[in-house]
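A.B. asks: For the sequence shown, numbering that gives the first Met the number 0 gives the first residue as 0, with consecutive numbering after it. Built from N, CA and C at the ideal position, the CB exists for glycine as well. Remember, predicted model here, so these are calculated numbers, not experimental data. If you scroll down you'll find the structure; I have some questions about it.
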Amino acid sequence: MSDYRKLTDQELIILLKQGDQLAYTQIYDRYQTLLFLHAIKKVREEEDAKDIVQEIFADLWIRKEELSLQCTLSAYLYTCVRNKFVNLLQHKEVRMRYSVSFQSFIDENTVGSDLLIREKQLASLIEKEISALPVKMQKIFVLSRREHKSYKEIAAQLNVSEETVRKQVKNALKILRIKLGTILLFALVFWYYYNSRI
Numbered sequence: 000m001s002d003y004r005k006l007t008d009q010e011l012i013i014l015l016k017q018g019d020q021l022a023y024t025q026i027y028d029r030y031q032t033l034l035f036l037h038a039i040k041k042v043r044e045e046e047d048a049k050d051i052v053q054e055i056f057a058d059l060w061i062r063k064e065e066l067s068l069q070c071t072l073s074a075y076l077y078t079c080v081r082n083k084f085v086n087l088l089q090h091k092e093v094r095m096r097y098s099v100s101f102q103s104f105i106d107e108n109t110v111g112s113d114l115l116i117r118e119k120q121l122a123s124l125i126e127k128e129i130s131a132l133p134v135k136m137q138k139i140f141v142l143s144r145r146e147h148k149s150y151k152e153i154a155a156q157l158n159v160s161e162e163t164v165r166k167q168v169k170n171a172l173k174i175l176r177i178k179l180g181t182i183l184l185f186a187l188v189f190w191y192y193y194n195s196r197i
């Protein structure tokens, strides 16, 4: 099949589930602009809309083999935009709460049990997002960030290439940056570093 543009969405999904990158590219080309326009109407910020669309297509490729659509591809993708928008609002609310809480801590210079509670909440949020990563990506990310193993060591341990390890860590950080935001991502890095030294 030389011209993927002539294939129906259903045919493209079948090929995508088999790992066909050209089918994935055609789905991206067919829907990327439409999803971006839909997302920007909801979030009203170009960067957030781009992040939503990027995350949807990253998820589509990562979870291609387990994809099971009960509706049309377009309906599925538009639903993904809506769900990502809801998640974005929730994460913005969480980030805002932590920002306000952190600023309050600085202003009042308080320590004690309140700080421990916040630290546990933050740790729980970070662990939840890490555990939501695909299994292979999660394992590589933990080996790299928590156990401080080199890409070469991880590649040897898991019998994969160093380039695969590098890409998995990069994709994990990208997904976590989108889900946790920059402030919490820095907290994640600090939290992993701190806990590895205890």
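With DSSP run on the structure shown, which of helix, strand or coil describes Cys70?
C.D. replies: coil
A.B. asks: How long is the line joining the alpha carbons of Thr32 and Tyr23, rounded to whole angstroms?
C.D. replies: Each residue's CA atom was taken as its position, placing Thr32 and Tyr23 some 15 Å apart.
A.B. asks: Can you grab the Cα-Cα spacing for the pair Ile153 / Arg4, in whole Å?
C.D. replies: 40 Å
A.B. asks: Within 10 Å of its beta-carbon, does Ala74 have 16 or more other beta-carbons around it, so buried, or fewer, so exposed?
C.D. replies: exposed
A.B. asks: Quick check: Arg144 and Val168, are their CB atoms within less than 9 Å of each other?
C.D. replies: yes
A.B. asks: For a quick check, are the C-beta atoms of Asp8 and Leu72 less than 9 Å apart?
C.D. replies: yes
A.B. asks: Output needed for Glu64: all residues of its chain with C-beta closer than 7 Å, excluding positions within five of it in sequence on either side, in chain order.
C.D. replies: Lys16
A.B. asks: What whole-angstrom Cβ distance do Ile39 and Val80 have, given they're in contact under 8 Å?
C.D. replies: Between Val80 and Ile39 the Cβ distance is about 10 Å, and since that is not below 8 Å, they are no contact.
A.B. asks: Nearest to Leu14 by CA position, among Ile116, Leu172, Glu54, Leu66, is which residue?
C.D. replies: Leu66
A.B. asks: Select from Asn158, Ile174, Ser123 the residue whose C-alpha is nearest the C-alpha of Val133.
C.D. replies: Looking at the sequence provided, one finds Pro at residue 133 rather than Val. Checked all of Asn158, Ile174, Ser123; the closest Cα to Pro133 is Ile174.
A.B. asks: If you count every other CB in all the chains shown that lies within 10 Å of the CB of Ala171, and 16 or more means buried, which is it?
C.D. replies: buried
A.B. asks: Keeping to the same chain, check which residues put their C-beta closer than 8 Å to that of His37; ignore five residues upstream and five downstream.
C.D. replies: So the list reads Tyr77, Val80, once near-sequence residues are dropped.
A.B. asks: Should Gln137 and Lys148 be called a contact, given that it needs their Cβ atoms to be closer than 9 Å?
C.D. replies: no
A.B. asks: Within 10 angstroms of its Cβ, does Leu88 collect 16 or more other Cβ (buried), or is it exposed?
C.D. replies: exposed
A.B. asks: Around the Cβ of Ala131, are there at least 16 other Cβ atoms within 10 angstroms (buried) or fewer (exposed)?
C.D. replies: exposed
A.B. asks: Using the beta-carbon count (16 or more within 10 Å), is Leu121 buried or exposed?
C.D. replies: buried
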